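Let me begin by presenting the structure, written as structure tokens, before commenting on it.
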Amino acid sequence: MHRTLSAVGLAALYLAFGVALLVGGEGAAASPSHLSVRINGRVLRVRGQRLKFAYEPSGALAVIDVTATKGRHFNRTLNFVCVGANLTMTPLPVTFPQCSGLYQETRLGLPPSVKAWQTAVGVQVTIEAFDGTRARGTFTGTLQFFAPGRPPASFRNGTFDADVSAYNPTASNSASSSRPWAVGSSSTSKPREAASQ
69 MHRTLSAVGL
79 AALYLAFGVA
89 LLVGGEGAAA
99 SPSHLSVRIN
109 GRVLRVRGQR
119 LKFAYEPSGA
129 LAVIDVTATK
139 GRHFNRTLNF
149 VCVGANLTMT
159 PLPVTFPQCS
169 GLYQETRLGL
179 PPSVKAWQTA
189 VGVQVTIEAF
199 DGTRARGTFT
209 GTLQFFAPGR
219 PPASFRNGTF
229 DADVSAYNPT
239 ASNSASSSRP
249 WAVGSSSTSK
259 PREAASQ
């Protein structure tokens, strides 16, 4: 009798555990926005509110703005802007071959130091998935130092998976500030996947 009750109790426990897993999975939030890139051999990783992907379908404008702070007195800012086809009307993946870009390192101290690299067309961005609320893709590029005499900054193995928000040109132009961005509304819906080649 005890053995039978134990078996029944064990089965009920397993069933309850399985239901809890299903409920927890359905209610799980989307992963935070994140970006990773290697710049001149150093990895920059950004998560959550320090990453913004802004998109404007009218005029087919796609923008991603990133602000990252490493340590207490060292700020690294990355920004690039692309103009191209409306993502909701274009088979994916789609590549924006000539994007403008900015990368800046600001170190606070006595004296403070600022290093900045920029390009008008030297960043390439590929959008692999997009559903209007979430975007995923890759990027590479080479940016020139704002003054002669220093080597360029190279973006390698750049990836991002971010919430989408409305494009704000004023915010984009101020990307070099150390202010963290507010991320747009999150979504648990699956991005539109790239068409199989």
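Quick note, in my numbering, the sequence shown goes up one by one and the last residue is 265.
Heads up, the beta-carbon is just placed ideally off N, CA and C, and yes, glycines get one too.
Model, not experiment: these values are computed from the prediction.
Note the first and the last residue of the continuous beta strand (DSSP E) segment covering Asp231.
-> Ala221 to Ala234
When the Cα atoms are used, what is the spatial distance from Tyr171 to Trp185?
-> 5 Å
Simplified DSSP state of Thr201, which is helix, strand or coil = coil
Contact under 9 Å by Cβ, Asn143 with Arg110 | no
Can you give the beta carbon distance from Thr194 to Thr206, rounded, assuming they're within the 8 Å contact cut?
-> 5 Å
Using the rule of at least 16 other Cβ atoms within 10 Å of the residue's Cβ for burial, across every protein chain shown, is Leu178 buried or exposed?
-> exposed
Quick one: which unbroken beta strand (DSSP E) runs of 3-plus residues sit fully inside the stretch 152–206? Chain order, please.
-> 162–175 and 181–198
Between which two residues does the beta strand (DSSP E) carrying Ser104 extend?
-> His102 to Ile107
Taking all protein chains shown into account, decide if Gly190 is buried (16 or more other Cβ within 10 angstroms of its Cβ) or exposed.
-> buried
Ignore the nearest five residues each way along the sequence and tell me which others in Val277's own chain have a CB closer than 8 Å to its CB.
-> It is not possible to answer for residue 277, since the shown part of the chain is limited to 69 through 265.
Assigned exposure category for Val149 - 16 Cβ within 10 Å defines buried = buried
Can you check DSSP and say which residues form a bridge with Arg115?
-> His102
Among Thr227, Ala215, Ala234 and His102, which residue has its Cα nearest to the Cα of Gly116?
-> His102
Beta-carbon proximity list for Thr208, same chain, < 7 Å, skipping 5 on both sides = Gln192, Phe223, Arg224 and Gly226
From the DSSP output, which residues share a beta bridge with Arg218?
-> Per DSSP, none; premise fails for Arg218.
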